[in-house]
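Numbering of the sequence shown is given in the working numbering, commencing with residue 334 and proceeding in unit increments.
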Amino acid sequence: MKENDYIKLNIDSESRLTVDYDVSHQHYVIQKLAKYDIQVYDRNTAPVCRDFQVIFLYHSVISFKRLKEQLEIISTNQKSGVEFGSTRSLQGDIFAVNEIYKEHKNIPIVHITETDVFDEDEQLHYVPRFKKFLDSSIWHYYIPIYKFDKKNNKWHYKEFNVSLKQKIQEIIRNYKLGLYRLNITREYVELNKRLLSNSFLIKKTHGQYVAPFIFHSESEFKRTLDAEQIRRCKYTTKKWRILLVDDCSNICLSEDDQTERNRKGDVDDMTQAHKLAETGKLRIIIEDILLTSKLDIAWCCPSAKELKDIAAFNDHNTRVNKDNRTLHHTISLRWNYVNENSHDFKISIVCAKSIHDALILIKYLKFDLILLDYLLGDHPKEARREYSYELLKEIERNLSLNEQSYWIGPQNRFYFMHISAFVPAISERLQEQGLIRDTPYWHIARGACPTNTPYLFLYYLYRLMEKRYNEMSLGKESGMSGHTLVDFLNNIFDDDFKKVKYRASKYFNTLLNLRNKYDIMKHDVYDEDSNLDWLHKRGSLLVYSLFPDIKCYSNAFWEHMQQLIYLVAFGTVRQWPEMWEEYVFVRDRLKEAEQKVQTVNNCPFRKVRLLSDKIEDYIIQLRNR
């Protein structure tokens, strides 16, 4: 038996594993699968679907220990027969992937071990630090046979069958999406194979303790996302508008048997407007989001004519400030829904194929998030390709000159996230260009590739959404629940009369910060949007859905409301007439705001114990005292 034994199997439409005639059932891997209730059929028993193939690779403890010994020899610079500077840096084959890729190209691998080598509690000293390569992308999946039950203090293989079924289903999904045919996925797996082969240092100081290239586990991020499902509801139930900047946003990604025609966009506008490209980045991102949620998604790929009309509107709006409404209503973007039976979308995605298109759209719409591919299409003036960092440089130049010709995101900040397969190249380029990730006018998240690492991509996407959401909430600075002024006042004026004064004094600075937020975010919405549907509002959809009351308050309202809370917090009982006077001024606006908040949040408008009733009751009780 080899230390790293493997076999190629086929997967049929019912996720059954089948083997060809010429492979014996005495094969060690098949025996292992059968031992733990995994049935492998032959071609006579189950039909073979040759479109779906997978490699099962078994790693023994001996193979890990020998790899560890080899790495120690190299890191301590001992004589090992390694020719440094060659493409083959290690004497052996790490995890046997080179051997497999020589014979079976472009087939995903399921790695199997007896015990869970990812379990940090076990402290397996013979397992290298780059071990999570075994589960790091759509090409590599990892399943331990046994897991240790800490509660019952025993080993079991209950999860093995379930885990294997899940992995097979994910592999079938990837095949059906055509991911294993794409050049970008094949480039990714080849690069990571070389990184794996060179993940070591040759000096005694750090060589035995540091691996320069570390990989993540897709399964671990999937478990994290599953565990956070309830927590995500607080921000995924709001509405988001996302800009996707990618030359293949709704054009099929290139394959080995395709020409460059796809990259150049040889697809008519009408097709892109109404149909998702089979292997386009937009469809891949949508399919990824649906892995962990059932969110309704709307998408739009503006045509050349629509972009021309938007550019004309932008120019007109820059020169004069009249007849905007008329021109605006002539621009009707063609929207599509992933779920045709429901138009109650939560995420809307607008596509831009170039930097030029992205800049036009940024001038026209407020985007809550912007997803950036690294390599874009052909440059309009030079014989080269565009890069997304050039968009960042243009925005930085514009802001440094105080031109402010672009609509910055909510709270006067862009939120970017890269979606390239080559994240290290992006990081190095940002460093080379002197582009800082976090500034007063933007935040650039690290990001991940939705094609090769779907769960890592979702993890970073949801983290970015959560960050944006939390920066708008009351809880960030105060620990209070909610976002709006209505939420704040409900926290102050609850049914406990004795605590109102205490809470008003404690959270008075929170009110001041909230007023400042409203003052900034009032520029994130437009008066003309009030009569438009959600998809055609130009302002931030996140601000509209979080702060439906934002247009209810004037500066005079805020002055009186601030004075009211000040009197409640620091005034005396005898100042109740002043409180009543301030309250009367804000009462009507407050009732209007509360109704709007409840309508957007799909809450029935309460006829009893309104916020205004709570404030009135409090002041009346002060008078009675």
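Even for Gly, the Cβ is constructed at its ideal location relative to N, Cα and C. Since this is a predicted model, take the numbers as computed values, not measurements.
Looking at C-alpha atoms only, which residue of the options is the closest neighbour of residue i?
i: residue 699; options: 748, 717, 677, 613; result: 748
i: residue 606; options: 683, 902, 528, 794; result: 683
i: residue 874; options: 571, 427, 384, 672; result: 571
i: residue 531; options: 466, 446, 551, 896; result: 466
i: residue 363; options: 390, 377, 346; result: 390
i: residue 711; options: 693, 580, 625; result: 580
i: residue 729; options: 718, 771, 756; result: 771
i: residue 885; options: 817, 907, 834; result: 817
i: residue 569; options: 401, 924, 453, 630; result: 630
i: residue 449; options: 393, 346, 401, 501; result: 393
i: residue 504; options: 347, 458, 647; result: 347
i: residue 426; options: 559, 338, 345, 447; result: 338
i: residue 855; options: 846, 835, 863, 876; result: 876
i: residue 384; options: 345, 377, 766; result: 345
Mind checking whether residue i and residue j have CB atoms under 8 Å apart?
i: residue 865; j: residue 703; result: no
i: residue 883; j: residue 913; result: no
i: residue 343; j: residue 386; result: yes
i: residue 388; j: residue 445; result: no
i: residue 780; j: residue 795; result: no
i: residue 926; j: residue 837; result: no
i: residue 944; j: residue 822; result: yes
i: residue 640; j: residue 688; result: no
i: residue 634; j: residue 582; result: yes
i: residue 706; j: residue 777; result: no
i: residue 534; j: residue 546; result: no
i: residue 797; j: residue 681; result: no
i: residue 734; j: residue 774; result: no
i: residue 474; j: residue 447; result: no
i: residue 621; j: residue 783; result: yes
i: residue 701; j: residue 574; result: yes
Reducing DSSP to helix, strand and coil, say where residue i ends up.
i: residue 416; result: Below a pLDDT of 50, predicted positions are generally treated as unreliable, and residue 416, at 45, falls in that range; no measurement from the model is reported.
i: residue 633; result: strand
i: residue 719; result: strand
i: residue 710; result: strand
i: residue 350; result: strand
i: residue 782; result: coil
i: residue 435; result: helix
i: residue 984; result: Residue 984 is absent from the model: the chain starts at 334 and stops at 958.
i: residue 674; result: coil
i: residue 747; result: strand
i: residue 296; result: The structure shown does not extend to residue 296, since the chain is modelled only from 334 to 958, so the question has no answer here.
i: residue 544; result: coil
i: residue 360; result: coil
i: residue 943; result: coil
i: residue 869; result: helix
i: residue 480; result: strand
i: residue 370; result: coil
i: residue 607; result: helix
i: residue 426; result: coil
i: residue 890; result: helix
i: residue 421; result: Caution is warranted here: a pLDDT of 40 is assigned to residue 421, below 50, making its placement in the model unreliable, and no coordinate value can be reported.
i: residue 914; result: helix
Quick check: what's the CA-CA separation for residue i versus residue j?
i: residue 361; j: residue 522; result: 27 Å
i: residue 611; j: residue 514; result: 12 Å
i: residue 958; j: residue 844; result: 27 Å
i: residue 492; j: residue 482; result: 11 Å
i: residue 678; j: residue 644; result: 27 Å
i: residue 553; j: residue 375; result: 33 Å
i: residue 404; j: residue 397; result: 11 Å
i: residue 841; j: residue 716; result: 59 Å
i: residue 915; j: residue 896; result: 7 Å
i: residue 761; j: residue 721; result: 13 Å
i: residue 365; j: residue 340; result: 12 Å
i: residue 739; j: residue 437; result: 50 Å
i: residue 370; j: residue 490; result: 10 Å
i: residue 693; j: residue 511; result: 32 Å
i: residue 826; j: residue 955; result: 13 Å
i: residue 518; j: residue 469; result: 13 Å
i: residue 442; j: residue 350; result: 14 Å
i: residue 932; j: residue 675; result: 19 Å
i: residue 642; j: residue 697; result: 11 Å
i: residue 745; j: residue 485; result: 53 Å
i: residue 431; j: residue 525; result: 11 Å
For residue i and chain C, any beta-carbon pair shorter than 8 Å?
i: residue 798; result: The structure shown contains no chain C; it is built from a single protein chain.
(message) Would you call the stretch 859–874 in contact with the stretch 787–802, where contact means no fewer than 3 C-beta pairs closer than 8 Å?
(response) Because the criterion of three Cβ pairs below 8 Å is not met, the stretch 859–874 and the stretch 787–802 do not touch.
(message) Closer than 8 Å is the cut-off here; do at least three beta carbon pairs connect the stretch 551–565 with the stretch 576–586?
(response) At 8 Å Cβ cutoff, the stretches do not touch.
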